[in-house]
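S.K.: Protein chains in written order, with this note's numbering: chain A, 3 to 312; chain B, 15 to 444.
The structure under discussion is supplied below as structure tokens; questions concerning it will follow.
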Amino acid sequence: MSLDSTLTARALGISRSRARSRAGIRNGRLAFLYLSPALLVFLVFTIGPALFVLYISFFNWNLLNPSLSRFVGGGNYAALLHSSDFWNSIVTSVYFVGATVGGSTVLGLGIALLLSQRGLVRRIVRLAVLTPYFTPLVATSIVWVWIFNPQFGLIDSVLKLLHLPEVGWLQSTTWAMPALIVYTLWHDLGFTVIIFLAGLATVSGELREAARVDGASYWHEVRDVVLPQLMNTTLFVIVITTIDSLQAFTQIYTMTGGGPLSATTTTGFLLYQQSFVFYKTGFGAAIAVVLFVVIALFTLAQLRLSRRAA
Amino acid sequence: MSRHRRFIAIAAVFAAVATPLAASAATAGHRANVTISFMEAMSSGTQKPTLDDLTQNFEQTHPGITIDLIAEPNYGILQQKEQASIAAGNPPTMGQAYENWAAGYADAKAIIPLDNYVNSKTVGVPKTFKSNIWTGVWNDLFLPDGKIWMWPFNKSDYVLFYNANMLKAAGISVPTTWAQYAAAEKKLTTGGNWGESLDTGTLSAPANGTLEYLSIVKAFGGTWIKNGKPTLDTKAAVQALQFLADLKGQGALQVGTNYPEQTALGAGRSAFAVSSIAGYPYMLAAVGGKFSMQVAPLPAGPNGGEGNAMAGTNIVIFSQANAAQRAAAWQFMKYLSSPHATAYWAIKTGYLPVTKSALVYMKSYIATHPYQKIAAQALQYAGGNPPYAWWTQAEGYVAEAMQAVLDNGASPASALATAQQKAMQAASGS
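Structural data, given as structure tokens:
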């Protein structure tokens, strides 16, 4: 190939690449144009308020008259660090999140394994497990308030029949949180079961069969073949249920109001209480920012873990 | 009273509302057109049509003033909407407000004091009218700066509901002191029944039980605040909480949530229930005609002390309203508190009339609803929410102290000391 033809070919290549690049830019602009309505909504209703929360966390914010707000710098964050209510809420959150995430992962996986086989009964049970997830939190929380009622509730009636002492489930600092966890597991378990069932559908049948041919027991098959292949699904379940649990509010508001004696006041509920009951808006905003950072860090860690697992 | 006669009685009161106000409107000189908005939560049951009636009547008798009612489903939403509208710089002209809400609004310069209107020689109210307002209701209109910031509207207070059949069967007369009440509860706690159920409330949401306890504190000679500071751990407060703890220890008092007093009384399991008179229809529905439910005043304390907690709201005028709107809003507030209008409101809704003279217009109604008079008379000494923004938090600490003692075995003195310490912190703004 002569120099001229080489140069021509290069020039053609450059011009083609430029044309591609121009088309790419044009397509990119078009993509942005198509995305702009959704982006605008996202900016106005999600990013904007989030940035505003960050802004007011540096103020002793007067919700009713912002002009009376006072800049306090990191004062709200310093107050958080010295607030026993905040640290108690962290401990409570760890309790609640640990139990609900652990419970829903283990139980969700177990139930999914039981229900992964075909059959009419299993399909009916699958539907039964999933149904609570689609029920409204407020309505079912109220039903469970009555189930836990010490004088008229189902559970205490059974205890009474068995000549066991009645328990004030939602009134006791010891039992209120377990009661809340039981309700949350009942409500949310269907979601994790469905995710695990979807994960199980992707597990290699050949590998399982090979393990069985090699004489592996069911337990060994699950431990050594199924679980390793469900690693990403399990991580996904853990992250989603952790974020859900950190943001849990409705059942706490309806069933215990954060009590008794703040025994069920998670950090998410404390945020609501400080911001919208006591109107300490700046302090509440600081809690929201800390909660956001915790959730973001956790999500980031999960992403790294899942990449490694992949 | 037959339905027909009741209708005539109500119509007579309503007609009486219209006549004098038509005359006063002519002298008030409201000829310029002005529209005012009233954000309120009187949106359920008979409340909405009654407020509509009164508003319509006011508009007819005050040509040139148009009222735009902005109904909210409940007080929680009402508070959020009022606050959001203030924050957005677009509040209504007037709105319902509890005392502690009003304190927060006044701090933010979002509402105006009403002294200039109340005491005005031309548009104010005469001294006789002021003295006609129940003492408790009148005291409730002021903020700590000594100015009048609110005007009364829908008021209720606490009464003792009881199962008359149960008391009669046990040969117990209606208790008039808390000591008699405790003795009666103890005697009636037998065969799977008990004295009363209450909801202590929580830090975020005090409940009827919190206000029952606060009423007992007053009856025992205690206070809720003094010199602008909380007084939650006084001797009387400790005695009052010990009183409830003793009942709990004897099994005479049960603790629950979601209006347990209503459920237990309605189920025929408890003999008593302390609740707001505004809850009468709900109590009646819970009882469902199974027995005779009667109403008595709250019992008195050891030295005859009377204590009661006032519920219901006042009305405030927001500061963004212009002069014409403020003047029109004051006319409407004054109208709603007039004896005829407040009597009509009480007859139709079950709330209490805010003036004593309204009872004159309610004679036939009271003959068939004697509990209304019992509750109205308690407005003489009932205490409203202390007018401090921090009271919301302090009341929550009271609820927590009750939880600590009644459900978790703490001593009243230590639980109330903790509540007092936290309430002091809230009061100091830290």
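We put the CB at the ideal spot given by N, CA and C, even for glycine.
#1: Quick check: is the beta carbon of Lys-123/B nearer than 9 Å to any beta carbon in chain A?
#2: Cβ closer than 8 Å: which chain B residues qualify as neighbours of Gly-260/A?
#3: Please name the residue, chosen from Gly-77/A, Leu-202/A, Tyr-274/A, Ile-245/A, that lies closest to Tyr-255/A on a Cα-to-Cα basis.
#4: According to DSSP, is Val-296/A helix, strand or coil?
#5: How big is the Cα-Cα spacing for Phe-305/B and Val-188/B?
#6: Along the region 409 to 436 of chain B, what residues have a CB closer than 7 Å to any CB found in chain A?
#7: Quick one: is Thr-186/A near chain E, going by C-beta distance under 9 Å?
#8: Between Val-239/A, Pro-152/A, Leu-42/A, which has its C-alpha nearest Val-269/B's C-alpha?
#9: Taking its Cβ as the centre, do 16 or more other Cβ atoms sit within 10 Å of Thr-327/B, making it buried, or is it exposed?
#10: Distance, Cα to Cα, Asn-88/B vs Lys-240/B?
#11: Starting from Gly-105/A and walking both ways along the alpha helix (DSSP H), at which residues does that stretch end?
#12: Are the CB atoms of Val-309/B and Phe-175/B within a distance shorter than 9 Å?
#13: What does DSSP give as the partner residues of Lys-169/B in its beta bridges?
#14: I'd like the list of long-range same chain contacts for Trp-171/A, defined as Cβ closer than 6 Å, with 5 residues on each side in sequence excluded.
#15: Just list the alpha helix (DSSP H) runs in the region 271 to 319 of chain B, keeping only unbroken ones of 4 residues or longer that don't cross its boundaries, in chain order.
#16: Around the C-beta of Tyr-36/A, are 16 or more other C-beta atoms found within 10 angstroms, so that it is buried, or is it exposed?
#17: Using a Cβ-Cβ cut-off of 6 Å (strictly less than) and excluding sequence neighbours within five positions of Trp-63/A, which residues of its own chain qualify?
#18: Report yes or no: do three or more beta-carbon pairs, one from the region 236 to 244 of chain A and one from the region 133 to 149 of chain A, lie closer than 8 Å?
#19: Helix, strand or coil for Asp-260/B per DSSP?
#20: Does any residue of chain B bring its CB to less than 9 Å from the CB of Trp-148/A?
#21: Might you give, ordered along the chain, the residues of its own chain that have their beta carbon closer than 8 Å to the beta carbon of Ala-441/B, omitting 5 neighbours on each side?
#22: Under 6 Å Cβ to Cβ from His-44/B, same chain only, skipping five residues before and after it: list those, please.
#23: Is Thr-248/B helix, strand or coil when you go by DSSP?
#24: How about Gln-264/B: is its C-beta nearer than 9 Å to some C-beta of chain A?
#25: Output, in chain order, the set of chain A residues within a Cβ distance shorter than 7 Å of Ala-116/B.
#26: Starting from Tyr-176/B, follow its DSSP beta bridges and name the residues at the other end.
#27: How would you list, in chain order, the residues of chain A whose beta-carbon sits under 7 Å from the beta-carbon of Thr-277/B?
#28: Hey, does Phe-280/A have any beta-carbon neighbour from chain B nearer than 9 Å?
#29: Rounded to a whole number of angstroms, what is the C-alpha to C-alpha distance between Val-137/B and Ala-288/A?
#30: Return the chain-ordered list of same chain residues with a C-beta closer than 6 Å to the C-beta of Ala-418/B, the five sequence neighbours on each side being excluded.
#31: Cutting at 7 Å between CB atoms, please list the residues of its own chain near Val-132/B, excluding the five before and the five after it.
#32: If we count the other Cβ atoms within 10 Å of its Cβ and call it buried at 16 or more, is Arg-340/B buried or exposed?
#33: Just to check my reading of the structure: Ser-289/B and Gln-276/B have Cβ atoms closer than 8 Å, yes? What is that Cβ distance to the nearest angstrom?
#34: Would you call the CB atoms of Thr-406/B and Asn-114/B closer than 9 Å?
#35: Let me confirm a value: Tyr-172/B is counted as buried when at least 16 other C-beta atoms fall within 10 Å, else exposed. Which label applies?
#36: Ala-285/B and Met-297/B look like a contact to me (Cβ under 8 Å); what is the Cβ gap, rounded to whole Å?
M.R.: The relevant details are as follows:
#1: Chain A has a Cβ within less than 9 Å of the Cβ of Lys-123/B.
#2: Thr-216, Leu-217, Ser-218
#3: Tyr-274/A
#4: helix
#5: 16 Å
#6: Glu-414, Gln-417, Ala-418, Asp-421, Asn-422
#7: No chain E appears in this structure, whose protein chains are A and B.
#8: When only C-alpha atoms are compared, the closest one is Pro-152/A.
#9: buried
#10: Cα-Cα distance, rounded: 31 Å.
#11: Note, Gly-105/A: alpha helix (DSSP H), 86 to 117.
#12: yes
#13: Gly-326/B, Leu-366/B
#14: Phe-150, Trp-177, Ala-181
#15: 274 to 280, 294 to 301
#16: exposed
#17: Ser-71, Thr-283, Gly-284
#18: Counting C-beta pairs with one atom in each stretch, the region 236 to 244 of chain A and the region 133 to 149 of chain A have fewer than three that are closer than 8 Å, which means they do not touch.
#19: helix
#20: Yes, because at least one Cβ of chain B sits closer than 9 Å to the Cβ of Trp-148/A.
#21: Gly-242, Lys-243, Pro-244, Tyr-402, Trp-404, Ala-408
#22: The pLDDT assigned to His-44/B is 47, lower than 50, so where the model puts this residue is not dependable; a value taken from the coordinates is nonetheless given after this. So the list reads His-76, Gly-78, Ile-79, once near-sequence residues are dropped.
#23: Residue state, collapsed to three classes: coil.
#24: Closer than 9 Å: no.
#25: None at all; the shortest Cβ gap to chain A is about 12 Å.
#26: As DSSP reads the structure, Tyr-176/B sits in a beta bridge with Phe-286/B, Gln-308/B.
#27: Phe-154
#28: So, interface residue.
#29: 48 Å
#30: Ala-424, Ala-429
#31: Here the set comprises Gly-138, Val-139, Ile-162.
#32: buried
#33: 7 Å
#34: yes
#35: buried
#36: Actually they are not in contact, since the Cβ atoms of Ala-285/B and Met-297/B sit about 13 Å apart, beyond 8 Å.
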